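Student: Heads up: the sequence shown begins at 1 in full-length UniProt numbering, then just goes up one per residue.
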Amino acid sequence: MPEKPLLDRLAELYPESNRTRFRQWIKAGRITVDGAIITDPRSPVTEKSDVRLGNAQAAGREAIRGGRIAYEDKDLIVIDKEAGILTVPAPGVRKEQSLLGSLERYLRRPPFIVHRLDRDTSGIVVFAKTEQAQQTLQKDWNTNVEERIYLALVEGELSESRGTLRSYLKENRAQKVYVTEDADGALAILHYTVLRSGRFSLVQIELETGRKNQIRAQFEDLGHPVAGDAKYGATTDPLRRLALHAHTIRFRHPITGATLAFESPAPRGFETAE
Numbered sequence: 001m002p003e004k005p006l007l008d009r010l011a012e013l014y015p016e017s018n019r020t021r022f023r024q025w026i027k028a029g030r031i032t033v034d035g036a037i038i039t040d041p042r043s044p045v046t047e048k049s050d051v052r053l054g055n056a057q058a059a060g061r062e063a064i065r066g067g068r069i070a071y072e073d074k075d076l077i078v079i080d081k082e083a084g085i086l087t088v089p090a091p092g093v094r095k096e097q098s099l100l101g102s103l104e105r106y107l108r109r110p111p112f113i114v115h116r117l118d119r120d121t122s123g124i125v126v127f128a129k130t131e132q133a134q135q136t137l138q139k140d141w142n143t144n145v146e147e148r149i150y151l152a153l154v155e156g157e158l159s160e161s162r163g164t165l166r167s168y169l170k171e172n173r174a175q176k177v178y179v180t181e182d183a184d185g186a187l188a189i190l191h192y193t194v195l196r197s198g199r200f201s202l203v204q205i206e207l208e209t210g211r212k213n214q215i216r217a218q219f220e221d222l223g224h225p226v227a228g229d230a231k232y233g234a235t236t237d238p239l240r241r242l243a244l245h246a247h248t249i250r251f252r253h254p255i256t257g258a259t260l261a262f263e264s265p266a267p268r269g270f271e272t273a274e
């Protein structure tokens with residue numbers, strides 16, 4: 001059955017309204033598709049999809065320590081993570097101080113790690129609730145994930161309004177990732193678009209690969225480190241945090257094969273920092 005964007009389906013179901021209102025409903029968590037809150041207006045649906053408008057935010061976006069639940073089913077739980085909390089414990093940090101620990105308390109059993117965000121990176125992160133779901137997603141992560149978009153506030157004005165960064169990455173003994181000309185390193189590719197220029201530039205970044213600290217290392221090498229990232233060359237900290245946000249993820253459900261998409265709005269200050 002042909003798929004169409006959620007916005008188009010809403011236009012069919014609610015012809016008396018408009019796309020601005022549809023986007024407001026979606027952003028508020030009021031639209032569900034087959035029982036799941038959908039946060040991306042581009043999410044594909046079919047005529048058989050159960051698209052509903054309601055007060056879904058309270059039911060589907062429960063708060064946990066370190067974030068909010070964006071989606072949950074029997075196989076997955078998707079979190080809109082706050083900056084400042086580890087995804088998983090690190091040396092010297094107790095499990096209960098991490099997002100993993102918060103989810104374990106919420107679920108009353110340990111979740112399965114699929115991928116991670118750095119402590120000071122906010123945005124969408126996916127956990128599995130079953131080992132089968134975890135293994136299916138991780139087996140071919142770059143194929144299962146159809147889109148990963150980040151927002152970053154970087155220092156200075158970029159010379160090009162859009163571009164592609166392709167380089168090799170290695171990690172030193174201090175656990176800092178750096179760009180190298182050595183092809184033995186891990187190939188890292190991203191595409192960027194400048195949304196706003198100035199002393200700080202707001203950049204939208206689409207990952208083609210998902211290497212550790214890839215964005216931070218590649219933009220340092222470009223001469224425009226992520227604001228607030230002293231480890232990777234930043235000399236400013238306008239938001240008092242690492243100015244990096246996991247904005248959008250689109251991936252295939254590991255069990256049903258359905259396409260899921262989630263979007264987390266830009267945090268306060270990303271669009272106004274000067």
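Note that beta-carbon positions come from the ideal geometry of N, C-alpha and C, so glycine has one too. Note that the structure is predicted; figures quoted are calculated from it, not measured.
If you run the structure through DSSP and keep just helix, strand and coil, what is S159?
Tutor: As a position in the sequence shown, residue 159 is number 159, starting the count at 1. Residue state, collapsed to three classes: coil.
Student: Can you pull the DSSP bridge partners for Q204?
Tutor: In the sequence shown, residue 204 corresponds to position 204, counting from 1. Partner(s): L151, T193.
Student: Please list the terminal residues of the continuous alpha helix (DSSP H) segment that includes I26.
Tutor: What you label residue 26 is simply residue 26 of the sequence shown in a count that begins at 1. DSSP places I26 inside the alpha helix (DSSP H), whose first and last residues are 19-27.
Student: Measure the C-alpha to C-alpha separation of residue 331 and E16 and round it to an integer number of angstroms.
Tutor: In the structure displayed, the chain extends from 1 to 274; residue 331 sits before or after that span and is not available.
Student: With a Cβ-Cβ cutoff of 8 Å, do E200 and E274 count as a contact?
Tutor: Your numbering for residue 200 matches position 200 in the sequence shown. Your numbering for residue 274 matches position 274 in the sequence shown. Checking the sequence, you will find Phe at residue 200 rather than Glu. Yes, these two residues count as a Cβ contact at 8 Å.
Student: The beta strand (DSSP E) with L117 in it runs from where to where?
Tutor: Taking the first residue of the sequence shown as 1, we reach residue 117 at position 117. Per DSSP, L117 belongs to no beta strand (DSSP E) and is neither H nor E.
Student: Can you tell which of I189, A227, A230 has its C-alpha closest to the C-alpha of K212?
Tutor: Within the sequence shown, the letter at position 212 stands for residue 212. K212 has its Cα closest to that of I189, out of I189, A227, A230.
Student: Output the distance between the C-alpha atoms of L6 and R240, rounded to the nearest integer angstrom.
Tutor: Taking the first residue of the sequence shown as 1, we reach residue 6 at position 6. Taking the first residue of the sequence shown as 1, we reach residue 240 at position 240. Near 36 Å, if we compare the C-alpha coordinates of R240 and L6.
Student: Could you please give the first and the last residue of the uninterrupted beta strand (DSSP E) stretch that includes R65?
Tutor: Within the sequence shown, residue 65 is the residue found at index 65, counting from 1. Here R65 belongs to no beta strand (DSSP E), and DSSP marks it neither H nor E.
Student: On a Cα-Cα basis, can you pick out the residue from L151, V145, S159, Q218 that is closest to V179?
Tutor: Residue 179 sits at position 179 when you count from the first residue of the sequence shown. Closest by alpha carbon: Q218.
Student: Leaving aside the five residues before and after D75 along the sequence, list all residues of the same chain whose C-beta is less than 6 Å from its C-beta, in chain order.
Tutor: Here residue 75 refers to the residue found at position 75 of the sequence shown. Excluding positions up to five away in sequence, the list reads K129, T130, A133, I255.
Student: Given D34, which residues of its chain have a CB within under 7 Å of its CB, disregarding the five upstream and five downstream residues?
Tutor: As a position in the sequence shown, residue 34 is number 34, starting the count at 1. Annotation for D34: S49, D50 place their beta carbon closer than 7 Å to its own, counting only its chain and skipping 5 residues before and after.
Student: Taking all protein chains shown into account, do 16 or more other C-beta atoms lie within 10 angstroms of the C-beta of D40, making it buried, or fewer, making it exposed?
Tutor: By 1-based counting over the sequence shown, the position of residue 40 is 40. With 16 or more Cβ atoms within 10 Å of its Cβ, D40 is classed as buried.
Student: Using 7 Å as the cut-off, classify the Cβ of L187 as near or not near the heavy atoms of the ligand NAD, replying yes or no.
Tutor: The ligand NAD is not part of the structure shown, which contains no ligands of any sort.
Student: Quickly, what does DSSP pair H245 with across the bridge? List them, please.
Tutor: By 1-based counting over the sequence shown, the position of residue 245 is 245. For H245, which the question treats as bridged, DSSP gives the partners S122, L151.
Student: Give a yes or no on whether the C-beta atoms belonging to I124 and A70 are separated by under 8 Å.
Tutor: For the purposes of this step, residue 124 is taken as the residue at position 124 of the sequence shown. For the purposes of this step, residue 70 is taken as the residue at position 70 of the sequence shown. Against a cut-off of 8 Å, the Cβ pair of A70 and I124 comes out as a contact.
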